[in-house]
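Numbering (our numbering), first residue to last: 176 to 360.
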Amino acid sequence: MRTLVTMTLSLLLCIMSFSGCHERIGWTTVSVADSVRHYYPVITGQILNLAFEIENTGKEPLVIREIQPSCGCIVPELKSRMIMPGKKRRLLFKYESAKNIGFVEHTIRIHCNAKPTGIVKLKFDVNVVPNADYTRDYEELYKEEVERSNMIRGLIDGDESEKGYYVDNPAHDSRAQNPYPWREE
């Protein structure tokens with residue numbers, strides 16, 4: 176009786192494992208409103224909040240496998256990785272401008288089951304400007320670098336205005352001695 180129960184359970188487990196819910200999700204199509212954007216300038220250190228609305232226009236669910244921003248300064252805020260057919264979802268990102276300065280252009284790649292390549296690209300650019308309170312110009316930056324390198328050289332080799340040694344008796348100083356001792360003066 177025990178072997179009959181064990182065989183029945185084994186057969187039941189085999190049937191359940193082969194008839195499991197291993198349905199493949201096919202390719203779908205998506206639409207992104209304004210996938211290429213140009214933002215107004217921001218001050219260094221400000222956080223720029225980005226919101227891209229993505230719509231699943233196909234007949235299969237859209238499954239987001241991975242989000243790859245082109246910079247570590249872009250942080251995704253993803254609540255759900257699946258968008259059902261005919262539905263829209265807003266993808267939120269935070270761009271931290273403290274790590275960049277000047278004109279920056281970034282791409283966010285969303286790896287999913289979207290036709291034709293499986294990658295949806297979101298692009299944006301922004302001009303990151305320094306704070307207007309005080310901006311050091313080239314001469315000030317160069318002067319600081321020269322002073323810093325001279326300070327380090329002075330700590331190692333001594334200042335150029337100092338010889339790095341002194342003498343007690345000027346008679347032993349080589350500058351006070353006769354440079355040609357074989358000549359009589």
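For each residue, glycine too, the CB sits at the ideal point set by N, CA and C. This structure is a prediction, so every number in the text was calculated from the model and none was measured.
Presumed contact (8 Å Cβ cut-off) between residue i and residue j, rounded CB distance
i    : j    : result
V303 : S272 : 5 Å
K274 : E228 : About 26 Å separates the two Cβ atoms, so there is no contact after all.
V207 : V295 : 6 Å
Outcome for residue i when other beta-carbon atoms lying within 10 angstroms are tallied against a minimum of 16
i    : result
Y317 : exposed
T203 : buried
Y270 : buried
N231 : buried
I285 : buried
I283 : buried
F299 : buried
Which of helix, strand or coil DSSP assigns to residue i
i    : result
Y214 : coil
S206 : strand
T219 : coil
R323 : helix
E315 : helix
K296 : strand
K274 : helix
T178 : helix
T232 : coil
N224 : strand
L237 : strand
P291 : coil
N302 : strand
Residues near residue i by beta carbon distance below 6 Å, same chain, minus five either side
i    : result
C246 : H281
L223 : V217, Y270
E226 : It is worth fixing the name first, because residue 226 is Ala in this sequence and not Glu. Closer than 6 Å at Cβ, skipping near neighbours: R265, L267.
Residue-level contact to chain C via CB, residue i, 8 Å cutoff
i    : result
R264 : This model lacks chain C altogether; it includes just one protein chain.
For the 8 Å Cβ check, are there 3 or more pairs between the region 233-249 and the region 276-296? Touching, per the Cβ criterion.
Are there three or more Cβ pairs, one per stretch, closer than 8 Å when the region 255-262 is compared with the region 206-220? Result no; under three Cβ-Cβ pairs closer than 8 Å.
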